[in-house]
Amino acid sequence: MSYSQKVVDHYENPRNVGSFDRNDASVGTGMVGAPACGDVMKLQIRVNENGVIQDARFKTYGCGSAIASSSLITEWVKGKTLDQAMQIRNTHIAEELALPPVKIHCSILAEDAIKAAIADYRSKSEEAVGAAQQHPANVAA
Amino acid sequence: MGEAFRIAKEDMSSDNERIRGLRDRLMAGLTEMPEVYVNGDMHRRVPHNLNLSFNFVEGESLIMAIKEVAVSSGSACTSSSLEPSYVLRALGRSDELAHSSIRFTVGRFTTREEIDYTIDLLRSKVNRLREMSPLWEMHSEGIDLSTVQWTAH
Chain A
127 MSYSQKVVDH YENPRNVGSF DRNDASVGTG MVGAPACGDV MKLQIRVNEN GVIQDARFKT
187 YGCGSAIASS SLITEWVKGK TLDQAMQIRN THIAEELALP PVKIHCSILA EDAIKAAIAD
247 YRSKSEEAVG AAQQHPANVA A
Chain B
9 MGEAFRIAKE DMSSDNERIR GLRDRLMAGL TEMPEVYVNG DMHRRVPHNL NLSFNFVEGE
69 SLIMAIKEVA VSSGSACTSS SLEPSYVLRA LGRSDELAHS SIRFTVGRFT TREEIDYTID
129 LLRSKVNRLR EMSPLWEMHS EGIDLSTVQW TAH
């Protein structure tokens, strides 16, 4: 298996490896894939009050292409709004990393991961807004 | 060919003992790490082969990390395929342990220094990849991975 220079670079120098506290209200967490398939990605975003992704972290169990795809996407989402991040497509990732056909699924998983993280953040925010509406006396100033 | 057989007859048993010793040294060094599983029987086994699963680390990413050492993943017949090795599955390994396996073979000219180098290299790279692994993180938090609902396609 020969990897492109960019895949090797992301593998040797992965960006943003780590974890945020998933219980933090500003964090969205997406976990996709399955150990039985040989690919699991956990992607987390930290979103500020303006709906912009300030920071991102990933952890991946998978081949070099999977690690590179998730590392790349954490770089790409920083500074984007949630709607802009939802526009990222696996084809962009695959092209940037020059993934061969047999590794395209790694880029698809990375796209799924960011969508899952955004969905998680949004559902947490809606719950928080819902709780505040039900108990207005409890809303923090 | 005849010459090869002559050399084999003279040297095979002493070579095998030496190679088995090196293979066992490699196994001892690597199985000191937590969550490392030996695939196959250690007694009914050729003396130069070792196949280990490093739990929570995917095999291909580990091979990429240890490029100084020539190894393969899965079992001999499946190294270039994406499927987990059917041989390891038949030995009773789960899909994820089959995906996490590395096959080492000791050669006639392998030295003890190379074995020790390989042990140190694997320790360093397995730890690095586990730091990047969400499965290792969940295991460290005490989560039983067999109870998790995965979202695979």
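Going down the list, the protein sequences come from chains A and B.
If you count the first sequence from 1, you need to add 126 to reach my numbering.
If you count the second sequence from 1, you need to add 8 to reach my numbering.
Glycine is no exception: its CB is placed at the ideal position from the N, C-alpha and C atoms.
Scanning chain A for C-beta atoms nearer than 7 Å to the C-beta of residue 141 of chain B yields 185 and 187, reported in chain order. Residues of chain A with a Cβ closer than 7 Å to the Cβ of residue 64 of chain B are, in chain order, 187. Within 10 angstroms of the beta-carbon of residue 47 of chain B lie 16 or more other beta-carbons, which makes it buried. Membership of residue 95 of chain B in the alpha helix (DSSP H) is indicated by the continuous run 94–98.
Secondary structure note for residue 182 of chain A: its beta strand (DSSP E) is the uninterrupted segment 179–187.
Comparing C-alpha distances from residue 157 of chain A to each of A:145, A:201 and A:151 shows the shortest one belongs to A:145.
Interface annotation, residue 203 of chain A: not in contact with chain B, CB-CB separation never under 7 Å. Residue 162 of chain A sits away from residue 19 of chain B, with the two beta carbons spaced by 7 Å or more. It is roughly 43 Å from the alpha-carbon of residue 21 of chain B to the alpha-carbon of residue 141 of chain B.
Interface with chain A (7 Å Cβ-Cβ cutoff): residue 104 of chain B is included. Residues of the segment 96–127 of chain B whose Cβ lies closer than 7 Å to any Cβ of chain A, in chain order: 103, 104 and 107. Beyond the five residues adjoining it in sequence on each side, residue 177 of chain A comes within less than 7 Å, by CB distance, of 207 and 208 in the same chain, given in chain order. Contact with chain B is found for residue 143 of chain A, since one of that chain's Cβ atoms lies less than 7 Å from the residue's Cβ. DSSP places residue 126 of chain B in the helix class (H, G or I) of the three-state scheme.
Note on residue 158 of chain B: under 16 other CB atoms within 10 angstroms of its CB, so exposed under the neighbour-count rule.
With the rule of 3 Cβ pairs closer than 8 Å, the segment 109–124 of chain B does not count as touching the segment 194–201 of chain A.
Among the residues facing chain A, residue 11 of chain B is not included, as its CB has no counterpart in that chain under 7 Å away. Beta-bridge analysis with DSSP links residue 57 of chain B to B:113. The C-beta of residue 68 of chain B comes closer than 7 Å to at least one C-beta of chain A.
Each of B:40, B:62, B:38 and B:30 was checked against the Cα of residue 54 of chain B, and the nearest Cα belongs to B:30. The alpha carbon of residue 71 of chain B has as its nearest neighbour, out of B:130, B:99, B:138 and B:153, the alpha carbon of B:130. Pairing residue 24 of chain B with residue 15 of chain B, the inter-Cα distance amounts to about 13 Å.
Not a single CB atom of chain B sits nearer than 7 Å to the CB of residue 156 of chain A.
Between the alpha carbons of residue 129 of chain A and residue 76 of chain B lies a gap of roughly 16 Å. Identification of chain B residues near residue 168 of chain A by a Cβ-Cβ cut-off of 7 Å yields 142, ordered along the chain.
Against chain A, the beta carbon of residue 153 of chain B has neighbours under 7 Å at 161, listed in chain order. Against chain A, the beta carbon of residue 72 of chain B has neighbours under 7 Å at 137 and 190, listed in chain order.
Secondary structure of residue 155 of chain A (DSSP, three-state): strand. In terms of Cβ geometry, residue 231 of chain A and residue 194 of chain A do not form a close pair [threshold 7 Å].
Annotation: residue 199 of chain A has no Cβ neighbours in chain B at a cutoff of 8 Å; minimum Cβ distance is about 15 Å.
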